[in-house]
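Below is one structure, written out as structure tokens, with a few remarks after it.
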Amino acid sequence: MTEVKEGWTWLRNSPKWHCFIDGRSICKKFMLWINPELEQGKDDSPDNCKACMKALAKRKLN
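Residue numbers for the sequence shown follow numbering that gives the first Met the number 0, so the first one is 0 and each next one is one higher.
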């Protein structure tokens, strides 16, 4: 079974969802020490971190 290493998750110490790749948020504010369930396909949710959304859009263009 392959483990998902990229996706969105909610943290207790943040009101927004953040996008994580290999345990680091792409807004560079958070790091995960555990393996939570990461959700796929919610890139345009209003509950997402704006910095993560911007970094993800930039990453998809490259």
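Backbone N, C-alpha and C define an ideal beta-carbon position, used for all residues, glycine too. Owing to the predicted nature of the structure, the values given are computational and were not obtained by experimental measurement.
Three-state secondary structure (DSSP) of residue 18: strand
Residue 44, buried or exposed, once every other Cβ within 10 Å from all chains shown has been counted against 16: exposed
Residue(s) in a DSSP beta bridge with residue 12: Bridge partners of residue 12: none, in fact.
Given residue 14 as reference, the closest of 22, 36, 47 once Cα atoms are compared: 47
Buried or exposed by the 16-neighbour rule on C-beta atoms within 10 Å, applied to residue 30: exposed
C-alpha gap between residue 4 and residue 27, whole angstroms: 16 Å
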